[in-house]
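S.K.:
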Amino acid sequence: MNLIPKSDWTQYLNRIARGLEGLRAEIEVASLELGDQIAADHVPISGIFYDHKDDIVGVILDGLDHFIRHPEAIYVEDGVEGLSALAVIDRDGTNHLIKLTRPLALPGPTN
987 MNLIPKSDWT QYLNRIARGL EGLRAEIEVA SLELGDQIAA DHVPISGIFY DHKDDIVGVI
1047 LDGLDHFIRH PEAIYVEDGV EGLSALAVID RDGTNHLIKL TRPLALPGPT N
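For the sequence shown, position 61 (counting from the first letter as 1) is numbered 1047 according to our numbering, and the numbering increases by one without interruption.
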């Protein structure tokens, strides 16, 4: 995974947000206190942003929003079809792993 410098967070997340249409997200939250928990399971994603004023990363999903307060680091991983995952580490050391997937394209009905 590649570390995104904090000075680039707003611009980087705004840029990738435009390419999220049609993707689904799984969000896994992991910490020593909580263990591993799934916060979202293959839910359509419509946006992601960093608000420097409130120091928050927001992930906008269909029917669910996931906010990460006081992020300390953002890592990204590219796959064959582009961005495949983001890991946001908050001030408490909690890892918010956002995995992006494309829905399977099923063949149409045959007659």
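The C-beta atom is built at its ideal place from N, Cα and C for all residues, glycine as well.
For the beta strand (DSSP E) containing Arg1010, name the first residue and the last one.
M.R.: By one-based count along the sequence shown, residue 1010 stands at place 24. Arg1010 -> beta strand (DSSP E) spans Arg1010 to Ser1017.
S.K.: Closer than 6 angstroms by C-beta to Ala1016: which residues in its own chain qualify, once you throw out the five before and the five after it? Chain order, please.
M.R.: Locating residue 1016 in the sequence shown gives position 30, counting from the first residue. The answer, listed in chain order, is Asp1022 and Asn1081.
S.K.: Can at least three beta-carbon pairs, one atom from the segment 1039-1046 and one from the segment 1063-1070, be found at a separation below 8 angstroms?
M.R.: no
S.K.: Taking only the alpha-carbon atoms, compute the straight-line gap between Tyr998 and Lys1085 and give it to the nearest angstrom.
M.R.: Within the sequence shown, the letter at position 12 stands for residue 998. Within the sequence shown, the letter at position 99 stands for residue 1085. Cα to Cα, Tyr998 sits roughly 17 angstroms from Lys1085.
S.K.: What residue from Gly1005, Ile1024 and Asn1000 has the CA that sits closest to Glu1014's CA?
M.R.: Residue numbering aside, residue 1014 sits at position 28 when the sequence shown is read from its first letter. The shortest C-alpha separation from Glu1014 is found at Ile1024.
S.K.: Quick check on the DSSP output: the beta strand (DSSP E) that includes Arg1055 runs from which residue to which?
M.R.: Here residue 1055 is taken as the residue at index 69 of the sequence shown, counted from 1. Looking at the DSSP string, the run of the beta strand (DSSP E) that includes Arg1055 is Leu1050 to Arg1055.
S.K.: Should Arg1055 be flagged as near chain B, meaning a C-beta pair shorter than 9 angstroms?
M.R.: Absent from the structure: chain B. Only one protein chain is present.
S.K.: Enumerate in chain order the residues of its own chain whose CB-to-CB distance from Arg1055 is below 6 angstroms, with the five nearest sequence positions on each side excluded.
M.R.: Locating residue 1055 in the sequence shown gives position 69, where the first residue counts as 1. The residues Ile1042, in chain order, have a CB closer than 6 angstroms to that of Arg1055 in the same chain once the five nearest residues on each side in sequence are set aside.
S.K.: If I measure Cβ to Cβ from Ala1026 and keep anything under 7 angstroms in the same chain, skipping five residues before and after, which residues do I get?
M.R.: Position 40 of the sequence shown, counted from the first residue, corresponds to residue 1026. Within the same chain, Ala1026 has close Cβ partners Ala1011, Glu1012, Ile1013, Leu1047, Leu1050 and His1052.
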